[in-house]
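Structure first, then comments.
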Amino acid sequence: MSSFGKWTTAYGLPAFAYTADQERDPRAEWDPVLDPPTRRHFAHVGNRRITLVSDNYGLSDLFDEHTGLLWLTRGTGVTRVGGLSTDISGSERIFGPTFAVVRVADEQVALERTVLCPEGEQPWVLVRLRVRNLLDSPVRLELTEEWAARPARIELITGAVDTDDPGLELELLGGARTRSGRLRVPLELEAGEERVLDFRHGLLDSGSASLEGSLEALRARLPSASAARAPEAEREIPWHAALLTGAACADGVLGGHTLDQGSCYSFRHGFNGAARDPLQHALPLVHIEPDLALSVLRNTCAWGGPDGDLPYALGPGKQPWTDLFRPSDQNLWALWLAAEYLSATGDEAAFRAKVPYHPIHGAPEVPLQENLRRQFRFLTDTVGRGEHGHLRILNADWNDMAITESGVPREVMITQGESVLNSAMAAWVLPRYATLAERLGDAATAAEARKLGEELRELVAGEWNGRWYRRAYGPGAVVGDDDLWLEVQPWAVLCGAAPPERAVELLRTIERTAAADSPLGARLRWPARDAYGPGGVGTIWYAVNMTLVWAAAEHLPELAWDWWRRMTLAAHTEAYPDVWEGTLSGPDAYLAPETGRPGRTWDLADVGVAMQAYPVANLHSHSQPLLAYLRLLGVEPFRRPRGGARFASRVLEVGP
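The sequence shown begins at -5 in the numbering used here and counts up one residue at a time.
Written out as structure tokens, the structure is:
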């Protein structure tokens, strides 16, 4: 059981009741590494426009990514009535999937405060107050609702800088509206009487929403699940779906919706990256809210230029940021998401609709199909292949630190290095993209993609060293012969490079080595060493463990379910009950049991970057358990599900 509280329900939805006394309990204090130790624990929820960050002090932050990375408010939002205040320690606090609830009471009155992100693209939150007279006689009180405007923009790496108020307003529905951030309401309550008041706060527009209507719509759109081999799925699948979809934001610059990593990347260090991440996060949404998945695909394709190159990231003002990395794998994720979407929806018209390029290029928009074809051309013609026939690595592939860890001089690896990981992933993605191209009438591209995928699959098959698959090549150097690099292994299985007997052998080797004695999943390297861990020791990544579950699903299903359970919030709570990150949300990776901070996350403090500085609200912690669950049920592009457990959304139903 978590040291911070327990799971419950609120408004008929999964929720977490926070019961810890953060002021007195020594377990409440944690170290963000880049900032002073704190006792603040927080969770992110949202709609398709605004993010609500609620904390254990009953306070709120609001974040808006519509035109940049902007904190609208920080550490505010308080209701006072009589001698009560919702920001007092010891109040009853509940974290819900799109809302937060605080309850306080004294001898006179009881106050319940719900702050909700309404369904849709409303750039404001709804505040529902219930005030009840506990006395046997009438009472006169004054209620105050107060939000302080503390806007800040996020700058690259360095963090938040105060900025001008973007126009925040507070409104009592059916009453006054103010820019001051404070409204007072006199109350006269008879004995036992309860009064309900609704406010809204934020960038108020002409839109409207009700608490009851929003909650009803939320309950209707969240998927449900049940699995005999993983009872946690019943609670965690809708929870992950809510937090994943709640991280989307309508993009006022490029169109569509952003769905970036969040966590330290956006909220602390000021960038939306890498481009592969929103594409990866949108994959499970194809089977839950396909319109949002398509919107994210269009938005991310709009990051690039007419040559098909996707930049590593967007900076705080949504401008391409290419100073740090130029990854070689990003186009593969766009082609994958496109194939997943067409397979699930059959929506060919979406690929004829035009999508823009980033405004800095001044290039005319083209149909989505053509944008993807140019990305395929960039992969084949610019990324290209190296001496051994594998796709080149440039200065990074999925693993930002692959070159640093390769042992080959950096500049040599950038110009001549090859990624077996890229080849293995491409050997799976390109045949699916070929099917998409065929259905859209582009037979020539389909034939080329299919041929390249087959060539790469054969090359990956040749990288078996008797224990696992090699990771990369540099001039005169082989990476991954003496140590196991986990990220390439599942893709070798998935693309068909490993025959069934070898796949089983490899998966069992991973369980004995990289996954041994690890409650949260397999380590990225074995023997465990990588650049993200303190002292160069092991890390456990959601994105890689997802592919590992998927690879095992067909060959060793019992092991696959065991590995999926290690990805759950329940597994983290059981192993590390005193660690807040991993309770409701998490980072992109955890530190392994043998590290000094097991169950927490990585830092590169010497260069001023740390996931530990903002260790929750990374969308890998929500999207990857969702996608892995779907893969366990056999939900894949251009294949029929195999079932084995239950999943139901508005667009997909799979039975046991």
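Where a beta carbon is used, it is the ideal one built from N, C-alpha and C, also for glycine.
On a predicted model such as this, the values are computed, not experimentally measured, just so you know.
Can you tell me the Cα-Cα spacing of residue i and residue j, whole angstroms?
| i | j | result |
| --- | --- | --- |
| residue 590 | residue 206 | 46 Å |
| residue 288 | residue 608 | 29 Å |
| residue 183 | residue 208 | 28 Å |
| residue 265 | residue 39 | 19 Å |
| residue 330 | residue 341 | 15 Å |
| residue 173 | residue 133 | 30 Å |
| residue 582 | residue 260 | 13 Å |
| residue 317 | residue 390 | 13 Å |
| residue 28 | residue 99 | 37 Å |
| residue 194 | residue 11 | 24 Å |
| residue 55 | residue 566 | 26 Å |
| residue 442 | residue 367 | 11 Å |
| residue 556 | residue 572 | 23 Å |
| residue 216 | residue 624 | 15 Å |
| residue 620 | residue 278 | 6 Å |
| residue 161 | residue 118 | 12 Å |
| residue 48 | residue 246 | 25 Å |
| residue 136 | residue 164 | 17 Å |
| residue 523 | residue 508 | 11 Å |
| residue 321 | residue 350 | 22 Å |
| residue 125 | residue 190 | 7 Å |
| residue 106 | residue 613 | 30 Å |
| residue 77 | residue 640 | 49 Å |
| residue 269 | residue 392 | 11 Å |
| residue 128 | residue 103 | 5 Å |
| residue 574 | residue 406 | 42 Å |
| residue 218 | residue 7 | 11 Å |
| residue 84 | residue 90 | 18 Å |
| residue 213 | residue 138 | 31 Å |
| residue 488 | residue 548 | 10 Å |
| residue 387 | residue 466 | 8 Å |
| residue 86 | residue 152 | 35 Å |
| residue 274 | residue 328 | 9 Å |
| residue 364 | residue 430 | 12 Å |
Name the one or two DSSP bridge partners that residue i has.
| i | result |
| --- | --- |
| residue 306 | Partner(s): none; residue 306 has no beta bridge. |
| residue 265 | None, per the DSSP bridge assignment. |
| residue 5 | DSSP lists no partner for residue 5. |
| residue 89 | 10, 94 |
| residue 400 | DSSP output for residue 400 lists no bridge partner at all. |
| residue 387 | Answer by DSSP bridge pairing: none, since residue 387 is not bridged. |
| residue 330 | Paired residue(s): none; residue 330 is not in a bridge. |
| residue 58 | 44, 64 |
| residue 577 | Looking at the DSSP assignment, residue 577 forms no beta bridge with any residue, so it has no partner. |
| residue 348 | 361 |
| residue 28 | The partner list for residue 28 (beta bridge, DSSP) is empty, contrary to what the question assumes. |
| residue 79 | 74 |
| residue 584 | 534 |
| residue 648 | 641 |
| residue 127 | 103 |
Since residue i and residue j are thought to touch, with beta carbons under 8 Å apart, how far apart are those beta carbons, to the nearest angstrom?
| i | j | result |
| --- | --- | --- |
| residue 297 | residue 284 | That belief does not hold up - the Cβ atoms of residue 297 and residue 284 are roughly 21 Å apart, past 8 Å. |
| residue 631 | residue 337 | 4 Å |
| residue 369 | residue 267 | With a Cβ gap of about 17 Å, residue 369 and residue 267 do not count as contacting. |
| residue 653 | residue 347 | In the structure as shown, the chain begins at -5 and stops at 650. Residue 653 is therefore absent and cannot be evaluated. |
| residue 637 | residue 646 | With 8 Å as the limit, residue 637 and residue 646 do not qualify as a contact, their Cβ atoms being about 12 Å apart. |
Once you ignore the five residues that flank residue i on each side, which residues in its own chain have a CB closer than 7 Å to its CB?
| i | result |
| --- | --- |
| residue 622 | 540, 543, 544, 558, 561 |
| residue 244 | 42, 43, 60, 115, 251 |
| residue 538 | 480, 481, 518 |
| residue 569 | 513, 514, 593 |
| residue 228 | 219, 220 |
Using a Cβ-Cβ cut-off of 8 Å (strictly less than) and excluding sequence neighbours within five positions of residue i, which residues of its own chain qualify?
| i | result |
| --- | --- |
| residue 150 | 263, 264, 265, 309, 310, 315 |
| residue 511 | 587 |
| residue 534 | 512, 514, 515, 516, 517, 518, 583, 584, 585, 586 |
| residue 475 | 459, 464 |
| residue 335 | 280, 284, 287, 288, 291, 341, 344 |
| residue 23 | 31, 32, 33 |
Grab me the residues of residue i's own chain with a C-beta within less than 6 Å of its C-beta, minus the 5 sequence neighbours each way, in chain order.
| i | result |
| --- | --- |
| residue 2 | 9, 11 |
| residue 272 | 253, 254, 290, 294 |
| residue 419 | 326, 485 |
| residue 108 | 93, 95, 122 |
| residue 69 | 53 |
| residue 57 | 45, 65 |
| residue 355 | 299 |
Q.
Check whether the region 40 to 48 and the region 108 to 116 are in contact - that is, three or more C-beta pairs closer than 8 Å.
A. yes
Q: Mind the definition here: the region 141 to 155 touches the region 55 to 69 only if three or more C-beta pairs lie below 8 Å; say whether that holds.
A: yes
Q: Spell out a yes or no on whether the region 395 to 414 and the region 362 to 380 are touching, meaning 3 or more CB-CB pairs, one atom from each, closer than 8 Å.
A: yes
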